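This report refers to the structure that appears directly beneath it.
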Amino acid sequence: MIKLTRDQIAARVAQDIPEGAYVNLGIGAPTKVANYLPADREIILQSENGLLGMGPAPAKGEEDEDLINAGKQPVTLLTGGAFFHHGDSFAMMRGGHIDICVLGAFQVSAKGDLANWHTGEADAIPAVGGAMDLAIGAKKVFVMMDLLTKTGESKLVPQCTYPLTGIACVDRIYSDHGVIDITEDGLVAVELAEGLTLDALSNLTGLAFIAPPGASA
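To convert, note that position 205 of the sequence shown is 205 in our numbering; the numbers rise steadily by one, no gaps.
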């Protein structure tokens, strides 16, 4: 099996973001999506620290220390972009004005529960931050993550064991093993990494998967 890199995953996410969408990219790997958005689509990126119209990462040496995203990474601002109060940013997130948010995850359950802020480690993030607001406020929630932990356990689980960020909120998972939709009918393996089969994916996760409509047997 040939696993996808994080840049390949980010590029795959970018393909699925439609024209005119308002999108929030969570801290960490999801910020890479900004570098792969199609040039022929107008996609408006929002950051919870109060940015709208965020562009890709700046070239080395062209960083503006006053222009950062929620993860404190340097960003650019596109023509027509704006920055505003933190409270207004959260009102946008909680008010249903974000079409898609892309978040990382420690675990996602088969029912779409999301755990992405705390693992119990001493150096873990001390609070859930804006992830909870995005998980319940965005119209669609995409997750970018490696399917397995460094020690080989599946992050896609029957039930989350870490503190939850949101309940039944995840719509789609983009992983190094492929793309998986969480639906009322079950887990749909939309795309699989080269050389990976449904049976092998089930063995890795301990979960059952449905082939997408029209897939060959």
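C-beta atoms are modelled at their ideal positions from N, C-alpha and C, and glycine is treated no differently. No experiment lies behind these values; they were computed from the predicted model shown.
Delimiting residues of the beta strand (DSSP E) encompassing residue i
i	result
N203	Per DSSP, N203 belongs to no beta strand (DSSP E); it is in the alpha helix (DSSP H), 198–205.
A189	186–192
Residue i, buried or exposed, once every other Cβ within 10 Å from all chains shown has been counted against 16
i	result
Q107	buried
L45	buried
E48	buried
A105	buried
A127	exposed
T161	exposed
I2	exposed
F223	Since the displayed the chain opens at 1 and closes at 217, residue 223 lies outside it and no answer follows.
G195	exposed
P212	exposed
T305	In this structure the chain extends from 1 to 217, so residue 305 is not present and cannot be described.
DSSP-derived helix/strand/coil call for residue i
i	result
V179	strand
R6	helix
V170	coil
A34	helix
A29	helix
Paired residues, beta bridge with residue i - DSSP
i	result
E19	According to DSSP, E19 bridges with nothing at all.
I43	Note: I43 sits in no beta bridge, so no partner.
Self-check item: Whole runs of the beta strand (DSSP E) within the segment 45–94, excluding any shorter than 3 residues
Solution: Here the runs fully enclosed are 51–54, 77–83.
Quiz item: What are the complete beta strand (DSSP E) segments, minimum 3 residues, inside the segment 102–165?
Solution: With a minimum length of 3 residues, the continuous beta strand (DSSP E) runs that stay inside the segment 102–165 are 107–109, 140–145.
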